[in-house]
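In my numbering, the protein residues as written are 1 to 107.
Heads up, the beta-carbon is just placed ideally off N, CA and C, and yes, glycines get one too.
Since the model is a prediction, treat every value here as computed from it, not as a measurement.
What follows is one structure encoded as structure tokens, with my remarks underneath.
What follows is the structure, given as structure tokens:
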């Protein structure tokens with residue numbers, strides 16, 4: 001487990017940690033917009049950060065694929081694991097936020 005986490009690197013680990021935090025906040029984002037207390041985080045900040053994270057994770061997956069073209073052996077396997085890990089996190093984040101997104105886009 002620790003070797004896998006180290007193979008991701010610090011920035012990717014922080015990116016996935018931010019995605020996990022945004023997924024945990026997703027159930028709290030359903031009761032309107034609040035601008036004056038702690039509910040600002042799940043109602044305003046978290047949806048905006050989620051959209052940014054979607055594009056950042058997609059960009060990192062793309063760049064990992066670009067670097068994978070020139071990699072060989074162990075680096076190629078590491079980058080493939082990075083792409084799969086980020087794909088799983090991306091799908092989980094979209095699934096966690098899908099009720100909110102459906103409510104926003106088809107309301």
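Looking at residue 47: is its Cβ nearer than 8 angstroms to the Cβ of residue 28?
The sequence position of residue 47 within the chain shown is 47, counting from 1. The sequence position of residue 28 within the chain shown is 28, counting from 1. Not a contact, by the Cβ cut-off of 8 angstroms.
For residue 3, name the three-state secondary structure that DSSP assigns.
To locate residue 3, count along the chain shown from 1; it is residue 3. If DSSP states are grouped into helix, strand and coil, residue 3 belongs with the helices.
Report the rounded CA-to-CA distance for residue 8 versus residue 61, giving the unit in angstroms.
Within the chain shown, numbered from 1, the residue matching residue 8 stands at position 8. Within the chain shown, numbered from 1, the residue matching residue 61 stands at position 61. Approximately 12 angstroms, taken between the alpha carbons.
Taking the beta carbon of residue 77 as the centre, do at least 16 other beta carbons fall within 10 Å, making it buried, or is it exposed?
Here residue 77 refers to the residue found at position 77 of the chain shown. Under this definition residue 77 is an exposed residue.
In terms of residues, what are the limits of the alpha helix (DSSP H) holding residue 38?
Position 38 of the chain shown, counted from the start, is the residue given in the question as residue 38. It is not in any alpha helix (DSSP H) - residue 38 carries neither H nor E in the DSSP assignment.
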